[in-house]
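To start, the structure itself, in structure tokens.
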Amino acid sequence: LLMTACYILFHWNACVYFLFSLAEGLSEDDTNAFGFSYYKVFDPRIPTCSTITVPNIWRKCTNFGLGSKWCLSIETCQDSTKNKPTIGKFVFKSRCFRFVKWEMGNFSREYSMSIYWSALTITTCGQQPYPSSSPQNMLEVIDTLIGVLVFATIIGGVGSVVTQMNVDVYDFRQKMDGIKFYMKYRMVTPEIQDRVISCFTYMHSHFQDLLYVLPPRLQGQIAVNLHMETLKKVELFKVNESAGFLYEVVLRIKQQIYSPNDYLFRAGERAKEMFIVKHGTLRVIDEETSTPAMTLTDGATFGEMSVILIAGNQLGDHRAVSLRSEGYADVYILNQDDVSTILQDYPSDRERLIANGERRISGAACLCCMTPALRLCDPLHVPNYLCMRFNVLVWIASVARCSSSFQIKLKGHDGSYLMNLSQYMFQCLVHTQYVSLL
């Protein structure tokens, strides 16, 4: 497009120049004339060497131009520094360089010379004859001004396009410089600096902010396309046939990038997230033996039981192992709080989800004292501060029913007595709100 615009500008300016030359009168034999002249444009000559006849006087005894001897004859030679012929003499006196004249039409000569002058003038390169009259000066000045203004506009436009093309790179470099300055100012160790820079570069190359410019509906469709099939393969969600519930869950999934040797969590931390590996490799680490226990690759999930609250779960709400990234890993995370919020709007799915979780935990012999009262202590039904106090009573009752040694120490008191007592106290707490009693 730029080349086309320049050519059109040169063309019309060449037309003006030729018309101006016609108005002033064409010069036939003056090469220094400002206007157009046929004498400035020669017809091309094409050399031919079909017949080569070089006189003995110009024959060379050694290499042409490199040797230092020329021959007046085949037998006698003399030094080239004394009698070396000039190039012009050699060309005209030898009959080797014969040529054929290529006759060009007047239009070709007129157009080529005019557009040549136009290009030199508009681009302010000069190298053409100086004007010798006021009209010629005026034409030269107008052409120069047009060239300066037009090309300044073109160059400015091209600069703006290049700047817009590199705006992301410029923004990335600004952020990178800020991060480097901050880490150096705070005296961060070089190892951590290298990890931060590598991770930031990786995140930039994967266009993390690209989807935020899309409408929420399109973002949801992309999320469904990316995660729905993986979510349906998770054992915990297989019983949920409601498309609306799964769609809401998919929208709550968040993306996170982990760099090499980053820990997603460590043993002992509270379990509140489920992880879906999109790209990369994660390693499950047993902290007691410091050995890898499992490897998770693309499409694998981990911690699905952490997104729901199941009473009587002896697995607890803390991680038993650690999870570490082996390289750059693209991981999607589903949070427990988001799932609890969604389940408030889907009670039937909540019942199926909890029942499925109970079956899985019961199969692993990790569920104890499952009663309706335990199910009541859920953030979906009562405030958190009530559940925190009731959990103490639930724990005592659970241990009483599951531990025979504890029953012996109670001297015959059955654990069910404590369970009934805890249920009664909880009901009183809910109805009267006497928190101070606990």
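Those letters in the sequence shown? Residues -25 to -1, 1 to 413, per mature numbering (1 follows the signal peptide of the UniProt record, and there is no 0), in order. Each residue gets a CB set at the ideal place from its N, CA and C atoms; glycine is no exception. Bear in mind the structure is a predicted one, so any value in this text is a computation, not a measurement.
Going by C-alpha to C-alpha distance, which of the options sits closest to residue i?
i, options, result
"T264", "V296, Y86, H254, W92", "V296"
"K76", "M88, R20, G122, S107", "R20"
"H254", "S234, R245, T164, V163", "S234"
"D143", "T176, M158, S108, V163", "T176"
"L211", "R161, K159, N331", "N331"
"F82", "A(-12), I117, L114", "A(-12)"
"F220", "D320, S108, E204, S109", "D320"
"N310", "R335, L193, K247", "K247"
"G302", "I90, L271, V199, M280", "L271"
"Y86", "Y157, L(-7), S315, S337", "L(-7)"
"P110", "S(-5), K207, M(-23), D169", "S(-5)"
"S281", "A198, E333, N112", "E333"
"L257", "L(-24), L298, G278", "L298"
"N200", "Y222, S217, L239", "Y222"
"M88", "V16, C100, I130", "V16"
"M(-23)", "I130, P165, E115", "I130"
"R335", "S315, E279, G101", "E279"
"T305", "I117, H202, C(-20), L193", "Note that residue 305 corresponds to Asp in the displayed sequence, not to Thr. Ranking the options by Cα distance to D305, first place goes to H202."
In this structure, does DSSP put residue i in helix, strand or coil?
i, result
"I283", "coil"
"Y14", "helix"
"residue 460", "One cannot answer for residue 460 here, as it falls past the ends of the chain, which runs -25 to 413."
"E248", "strand"
"G278", "coil"
"D118", "helix"
"V75", "strand"
"D237", "coil"
"D143", "helix"
"I167", "helix"
"Y307", "strand"
"R299", "strand"
"R161", "coil"
"P191", "helix"
"A242", "coil"
"T316", "helix"
"D152", "helix"
"P267", "strand"
"G257", "Reading off the sequence, residue 257 comes out as Leu, not Gly. In this structure, L257 counts as strand in the three-state DSSP scheme."
"R20", "strand"
Residues in its own chain within less than 7 Å of residue i by CB, not counting five upstream and five downstream?
i, result
"I329", "I283, I285"
"D313", "R227"
"I(-18)", "none"
"R84", "Y13, V16"
Apart from the five residues just before and just after residue i, which ones in its own chain have a Cβ nearer than 6 Å to its Cβ?
i, result
"T276", "V209, I251"
"W92", "Y(-9), Q103"
"G195", "L226"
"L318", "R325"
"M178", "I232"
"M79", "D18"
"D237", "S300"
"A94", "F(-16)"
"G113", "Before going on, a small fix: residue 113 reads as Met here, not Gly. So the list is empty, once near-sequence residues are dropped."
"R294", "F240, A242, E244, A246"
"M158", "Q168"
I'd like the list of long-range same chain contacts for residue i, defined as Cβ closer than 8 Å, with 5 residues on each side in sequence excluded.
i, result
"A268", "V259, I260, D261, V296"
"T98", "G122, F126"
"I154", "V171, I172, F175"
"K150", "F175"
"S217", "Y321, S323, D324"
"M140", "none"
Can you tell me the Cβ-Cβ gap for residue i and residue j, rounded? I've got them flagged as a contact below 8 Å.
i, j, result
"F9", "L1", "Their Cβ separation, rounded to whole angstroms, is 12 Å, which puts F9 and L1 out of contact at 8 Å."
"T96", "T128", "About 17 Å; that fails the 8 Å criterion."
"I308", "K229", "5 Å"
"L206", "V224", "7 Å"
Run the proximity test for residue i: is its beta-carbon closer than 7 Å to any non-hydrogen atom belonging to the ligand ZN?
i, result
"R334", "As for the ligand ZN, it is missing from this structure, which has no ligand bound."
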